[in-house]
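Okay, structure first, notes after.
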Amino acid sequence: MIRTQYYVEKTGTPFFCGPDELMFLGEWVTADIQLSPLSVLEAIDLVAEAKANPNFAPEDLDGNAHTVTISTQGVRVENFFVDHVQGDYTLDDAFRVLVDFWDYCCQANPGKADARRRQYAEEHGRDPLAGIRDFLGA
Numbered sequence: 010m011i012r013t014q015y016y017v018e019k020t021g022t023p024f025f026c027g028p029d030e031l032m033f034l035g036e037w038v039t040a041d042i043q044l045s046p047l048s049v050l051e052a053i054d055l056v057a058e059a060k061a062n063p064n065f066a067p068e069d070l071d072g073n074a075h076t077v078t079i080s081t082q083g084v085r086v087e088n089f090f091v092d093h094v095q096g097d098y099t100l101d102d103a104f105r106v107l108v109d110f111w112d113y114c115c116q117a118n119p120g121k122a123d124a125r126r127r128q129y130a131e132e133h134g135r136d137p138l139a140g141i142r143d144f145l146g147a
């Protein structure tokens, strides 16, 4: 199983530390999602929906530095500023990276992460993290 790690350097934003083949995915998570629990939950929810629903319509997420397209085919990451910084990832890889980042968010700010998880579940009628550990085999 993929395990990615994140840590904070002097700037206060997370830094991705994981396999090179996941670097652009990790850059999207750290540069655009940062420590926003609602954004992490939304991305997890969209990837889970793309995995479960063959009729899922592609969804674009624009951030500070990247455009990400989530579809049933996978996750495409493109950097706004550097053309060669782009990559295509499986839904499974994206899902695992996002869940690892959620774990990091929970360690960095547990109260905020828990409150936003409850808020997301209330607003959307579902908890995108329910049963996730069983699904990942963790």
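Here this note's numbering is used: the first residue of the sequence shown is 10, the next is one more, and so on. Positions of the beta carbon are idealized from the N, C-alpha and C atoms, including for glycine.
Range covered by the beta strand (DSSP E) that runs through residue i
{"i": "Ser-80", "result": "75 to 80"}
Spatially closest choice to residue i from the options, by CA coordinates
{"i": "Leu-107", "options": "Asn-73, His-75, Leu-138", "result": "Leu-138"}
{"i": "Leu-55", "options": "Phe-33, Phe-104, Lys-121", "result": "Phe-104"}
{"i": "Trp-111", "options": "Arg-85, Asp-29, His-75, Ile-42", "result": "Ile-42"}
{"i": "Ala-124", "options": "His-75, Pro-23, Pro-46", "result": "Pro-46"}
{"i": "Thr-78", "options": "Arg-135, Trp-37, Ala-117", "result": "Trp-37"}
{"i": "Cys-114", "options": "Leu-50, Asn-64, Leu-34", "result": "Leu-50"}
N- and C-terminal bounds of the alpha helix (DSSP H) containing residue i
{"i": "Glu-131", "result": "119 to 133"}
{"i": "Pro-46", "result": "46 to 61"}
Coil, strand or helix - residue i by DSSP
{"i": "Asp-92", "result": "coil"}
{"i": "Gly-83", "result": "strand"}
{"i": "Phe-110", "result": "helix"}
{"i": "Asp-41", "result": "helix"}
Cβ neighbour criterion (16 or more within 10 Å) applied to residue i
{"i": "Asp-69", "result": "exposed"}
{"i": "Thr-39", "result": "buried"}
{"i": "His-4", "result": "Residue numbering for the chain in the displayed model covers 10 to 147; residue 4 lies beyond these limits and cannot be assessed."}
{"i": "Val-86", "result": "buried"}
{"i": "Val-91", "result": "exposed"}
{"i": "Phe-89", "result": "exposed"}
For residue i: DSSP bridge partner residues
{"i": "Asp-71", "result": "Thr-76"}
{"i": "Tyr-98", "result": "Val-84"}
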